[in-house]
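Visitor: Residue numbering for the sequence shown follows my numbering, starting at -17 and increasing by one per position. Even for Gly, the Cβ is constructed at its ideal location relative to N, Cα and C. Dumping the structure here so I can ask a few things about it.
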Amino acid sequence: MGAVSSTVPGVTAPYPGTSEAHGNLLAPEPAVRTRALIGYARVNTSGQPLDRQHHALAEAGCLRIFADKLSGKDADRPELAACLDYLRPGDTLVVPSLDRLSRSLADLIGIVATLRRRGVGFKSLHEALDTTTPGGRLVFHVFAALAEFIRELIVEGTREGLDAARGRGVRLGRPPAMTAGQIRHARDLLTRPDNTVSSIARLLGVSRATIYKYVPELPARTRPAAALPRGQE
């Protein structure tokens, strides 16, 4: 099984439980490093200043800094996409903090794993994480294992919740288009000759097809005729 798409173009998030999920985070560094540090900064709104993040990245020695002014939840982060495209093997991506790169743990791991496959390092200044060191790679390995564990807990909890609801007799899935009371009301209205299926459907806020579905005893003459083949109208 391969990988799934991330919210950032060109980034793939590995499936949990596969060799891609953790192996890329622990892969050895490329033999030749350019030592070029490329920074990425982000603020949530256009009104927030980027000065502090720019200063931190410049102090860290970044040769070029890309910056987005939008929420980390937005899938379209053009400057991040441009930054990832700009990086070359041997470079290192530097961010002021992990939440500037992504607010999703799975997305963060996907980005770092993609960088590892390309021979690009990753540093977060606030957390002092550095995947160019064995300790930094180990930390992200633990992050990936934690993300997989959380996902499995959510899946298991959802399954147990659905089983418990079924045990209590709770109806799951899409609610019916008509309640029992509406069906009784429709039947009562249909006993009056001056009422039509269309008028009753409008009154109850449903379609004619829904009336026919929930009141199957409607006389055949009131149902729409089946379309005849072309040429036999």
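The alpha helix (DSSP H) spanning R150 covers which residue range?
Guide: On the sequence shown, residue 150 is found 168 positions in, with the first residue counted as 1. Counting along the chain, R150 falls outside any alpha helix (DSSP H), and DSSP gives it neither H nor E.
Visitor: Helix, strand or coil: which one does DSSP assign to D170?
Guide: Taking the first residue of the sequence shown as 1, we reach residue 170 at position 188. Correct three-state label for D170: helix.
Visitor: Kindly provide the ranges of any alpha helix (DSSP H) runs that are 4 or more residues long and lie completely inside the stretch 107 to 133, ordered along the chain.
Guide: For the stretch 107 to 133, not a single whole alpha helix (DSSP H) run of length 4 or above is found.
Visitor: Suppose you measure from the CA of G103 to the CA of A191; what does that come to, to the nearest Å?
Guide: Taking the first residue of the sequence shown as position 1, residue 103 is located at position 121. Taking the first residue of the sequence shown as position 1, residue 191 is located at position 209. Rounded to the nearest angstrom, the two C-alpha atoms are 60 Å apart.
Visitor: Can L97 and L75 be called in contact, C-beta distance under 8 Å?
Guide: To locate residue 97, count along the sequence shown from 1; it is residue 115. To locate residue 75, count along the sequence shown from 1; it is residue 93. Contact flag set, yes.
Visitor: Just tell me which of R17, R85, L45, G118 has its CA closest to the CA of P71.
Guide: On the sequence shown, position 89 is the one that residue 71 refers to. Nearest option by C-alpha distance: R17.
Visitor: Pull the bridge partners of L282 from the DSSP assignment, please.
Guide: For residue 282 there is no data in the structure shown, the boundaries of the chain being -17 and 215.
Visitor: Judging by CA-CA distance, which residue of E130, V197, L128, V77 is the nearest neighbour of T173?
Guide: Numbered from 1 along the sequence shown, position 191 holds the residue referred to as residue 173. Minimum Cα distance to T173 is reached at V197.
Visitor: Which first and last residues belong to the beta strand (DSSP E) in which A49 is found?
Guide: Position 67 of the sequence shown, counted from the first residue, corresponds to residue 49. Where A49 is concerned, the enclosing beta strand (DSSP E) stretches over 46 to 51.
Visitor: Might you give, ordered along the chain, the residues of its own chain that have their beta carbon closer than 7 Å to the beta carbon of G43, omitting 5 neighbours on each side?
Guide: To locate residue 43, count along the sequence shown from 1; it is residue 61. For G43, where only same-chain residues beyond five positions count, the Cβ hits under 7 Å are L19.
Visitor: According to DSSP, simplified to helix, strand and coil, what is V25?
Guide: As a position in the sequence shown, residue 25 is number 43, starting the count at 1. Looking at V25 - three-state DSSP - the assignment turns out to be strand.
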